[in-house]
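Undergrad: Under my numbering, the first residue of the sequence shown is numbered 154, with each subsequent residue one higher.
Just so you know, even glycine gets a beta-carbon here, dropped at the ideal spot from N, CA and C.
These numbers were taken from a predicted model, which means no experiment stands behind them.
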Amino acid sequence: MSNFLLVLHSLLRWLILLLLVLNIIRLFGAKGPAKTGNSILLLILAHTTLLIGLYQYFFGDFGIALFKQGAEVMKNSALRFWAVEHITGMVVSIALITIGHISLKKTGKAKKTAILYLVALVLILAVIPWPFREGIARPWIHGF
Ligand code: HEM
Ligand code: HEM
């Protein structure tokens, strides 16, 4: 697994979380139709993280490869996290971000996008392998 991509994947998390929070605050506070603003940057970074993640999942050791261990992958919570939970939660979150962004661009409806982004934020926070999560802990910033 390329360490550079892992560092990038790990770092982009922080930019995505920051942009989600900024956009949620901006959109909930908006009166009338809202502009896209830096929601476009959020979308691009989310898609880039998705692309890197898919590469890691299919070509690295912490994804599809784990299914070689048979039923154990579903019984063991750490293996299940990497084989199923991280990818599922993140793909759904990024789909919500994409729908939210495109809806904002087309209709300017701030509240709808704010809600979609808030759900995405909660889901992302739930499936990040935070350093305090037993069995799946990864550093705050990869490589440090
Ligand atoms: C696995 C890789 C990726 C998938 C599955 C994916 C999927 C999508 C989908 C479904 C849309 C919505 C299209 C629409 O209905 O208008 C979209 C839009 C977009 N994606 Fe991605 N994407 C990927 C990677 C990337 C990457 C690497 C970038 C940039 C670095 C990127 C940038 C964008 C942009 C700029 C838009 C258009 C947003 C707009 O219409 O305002 N995507 N992508
Ligand atoms: C917003 C989206 C995402 C965030 C914030 C995120 C965050 C993270 C973080 C923090 C790590 C730990 C990196 C480290 O070792 O320090 C990680 C690892 C990983 N992520 Fe994601 N991720 C996202 C999306 C995805 C997606 C969509 C996939 C799969 C399609 C994916 C697949 C992986 C894999 C396979 C690893 C383990 C890589 C390895 O150690 O070989 N991620 N992710």
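Less than 8 angstroms between the CB atoms is what I'm expecting for T202 and H162, so what's the real figure, rounded?
TA: Sequence index remark: in the sequence shown, residue 202 carries index 49 (1-based). Sequence index remark: in the sequence shown, residue 162 carries index 9 (1-based). The pair is a contact, with the Cβ atoms about 6 angstroms apart (cut-off 8 angstroms).
Undergrad: With the cut-off set at 9 angstroms, would you say N156 and G296 are in Cβ contact?
TA: Position 3 of the sequence shown, counting from 1, holds the residue named residue 156. Position 143 of the sequence shown, counting from 1, holds the residue named residue 296. Yes; because the gap between Cβ atoms is below 9 angstroms, this pair is in contact.
Undergrad: How would you call A290, buried or exposed, if buried means at least 16 neighbouring beta carbons within 10 angstroms?
TA: Start at 1 with the first residue of the sequence shown, and residue 290 comes out as number 137. A290 is exposed by the Cβ-count criterion.
Undergrad: From the DSSP output, in three-state form, read off E287 for me.
TA: By one-based count along the sequence shown, residue 287 stands at place 134. In this structure, E287 counts as coil in the three-state DSSP scheme.
Undergrad: In terms of residues, what are the limits of the alpha helix (DSSP H) holding S155?
TA: Position 2 of the sequence shown, counted from the first residue, corresponds to residue 155. First-last for S155: undefined, no H or E at that position.
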